[in-house]
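**Student:** Numbering (my numbering), first residue to last: 5 to 270.
Idealized CB from N, CA, C, for every residue including glycine.
Dumping the structure here so I can ask a few things about it.
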């Protein structure tokens, strides 16, 4: 196991730019100040070899405690996001995020490089993440209907700006509606949500006409943008506003909550 870890770290070090390599060296030296790592995976565009000017290192740290923690810190001037997780928290993130259609943790693990794994636990989690990604999102029909209605509501809100379609609030409302439409389309097709920065570009490859309507909704003048948004909503949702539906009875109890604290977010 140790030999495999060293090979992964060595191969990664050879492909990184010098400043990124030094940043990772400093990061790995700093992590034990927080906790003894039981596994470390480094992910992101820097590791994939296509970094942008503001790219950061995404680092998942497995530990033997019962807590999770997120730290944003610079190493050698390079921004890094570190996600410290227990085994239980990583399992929770892999499955819950994938079920919701946005498997951030699973993607980091499956596409990242293993740089420390003394017991093989992180490699097992990487395999689990890859297997979960292959299954696609886990939304049932009721969940998809809720997503559809949420998107339809945002479209309706955006189209309410009939008298002032060019004001800033109208543009913001259209942007929120476009985001919801693209998200619903992916989930309805059984696909995970692409990264926000590439969703329309990927959609253009699958449906150029629909992608053009959504771009027009974002960049066109007020009335033209509203017309394009309505047309896109009709293609994706079959409606451009309110529709009747019933969620059915939900017998589950509300999440636990302590007065005076914000509800916990995953």
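Ignoring anything shorter than 3 residues or poking outside the region 116-172, list the beta strand (DSSP E) runs there in chain order.
**Tutor:** Listed in chain order, the complete beta strand (DSSP E) runs (minimum 3 residues) inside the region 116-172 are 117-120.
**Student:** Does the region 167-181 come within contact of the region 127-143, defined as at least 3 CB pairs closer than 8 Å?
**Tutor:** Counting Cβ pairs under 8 Å, fewer than three are found: no touch.
**Student:** Would a C-beta distance cut-off of 8 Å place residue 218 and residue 204 closer than the cut-off?
**Tutor:** The answer is yes: Cβ separation under 8 Å.
**Student:** Is the CB-CB distance between residue 98 and residue 84 below 8 Å?
**Tutor:** Contact flag unset, no.
**Student:** Using only alpha-carbon positions, find the residue among 241, 81 and 101 that is nearest to residue 139.
**Tutor:** Checked all of 241, 81 and 101; the closest Cα to residue 139 is 101.
**Student:** In terms of alpha-carbon separation, which member of 107, 61 and 236 lies closest to residue 163?
**Tutor:** Cα-wise, what sits closest to residue 163 is 236.
**Student:** Which same chain residues, not among the five before or five after residue 19, have their C-beta less than 7 Å away from its C-beta?
**Tutor:** Closer than 7 Å at the Cβ level, and outside the excluded window around residue 19, lie 53.
**Student:** Excluding five sequence neighbours on each side, which residues of the same chain lie with their C-beta closer than 7 Å to the C-beta of residue 29?
**Tutor:** The answer is none, since no qualifying residue turns up.
**Student:** Would you check if the distance between the CB atom of residue 230 and the CB atom of residue 146 is smaller than 8 Å?
**Tutor:** No, these two residues do not count as a Cβ contact at 8 Å.
**Student:** Please check the pair residue 94 and residue 61, which I expect to be a contact at CB under 8 Å, by giving their CB distance rounded to whole angstroms.
**Tutor:** Actually they do not touch by this definition, with Cβ atoms about 18 Å apart.
**Student:** Here's the rule I'm using: 16 or more other beta-carbon atoms within 10 Å means buried, otherwise exposed. How should residue 151 be labelled?
**Tutor:** Looking at its Cβ environment, which holds 16 or more other Cβ atoms inside 10 Å, residue 151 is buried.
**Student:** CA-CA distance, residue 90 and residue 72?
**Tutor:** Rounded to whole angstroms, residue 90 to residue 72 spans 6 Å at the Cα level.
**Student:** With DSSP run on the structure shown, which of helix, strand or coil describes residue 21?
**Tutor:** Residue 21: coil per DSSP, three-state reduction.
**Student:** Just to confirm my understanding: we take residue 142, look at its own chain, exclude 5 residues before and 5 after, and list those with CB closer than 6 Å. What are they?
**Tutor:** Around residue 142: 103.
**Student:** Can you tell me whether residue 123 is buried or exposed? The criterion is at least 16 other CB atoms within 10 Å of its CB, across all chains shown.
**Tutor:** Exposed: under 16 other Cβ atoms inside 10 Å.
**Student:** Am I right that residue 196 and residue 56 are in contact with their C-beta atoms under 8 Å? What's the rounded C-beta distance?
**Tutor:** Their Cβ separation, rounded to whole angstroms, is 22 Å, which puts residue 196 and residue 56 out of contact at 8 Å.
**Student:** For the alpha helix (DSSP H) containing residue 232, list its first residue and its last residue.
**Tutor:** That run of the alpha helix (DSSP H) goes 226-240.
**Student:** Please state the DSSP three-state secondary structure of residue 83.
**Tutor:** Strand at residue 83.
**Student:** Considering residue 62, what are the terminal residues of the beta strand (DSSP E) in which it resides?
**Tutor:** Segment 61-67, the beta strand (DSSP E) holding residue 62.
**Student:** Please work out which residues of its chain come closer than 8 Å, Cβ to Cβ, to residue 269, disregarding the five sequence neighbours upstream and downstream, and give them in chain order.
**Tutor:** Here the model assigns residue 269 a pLDDT of 49, short of 50, so the residue's position is not dependable and the matter cannot be decided.
**Student:** Per the DSSP calculation, residue 244 is bridged to which residue(s)?
**Tutor:** None, per the DSSP bridge assignment.
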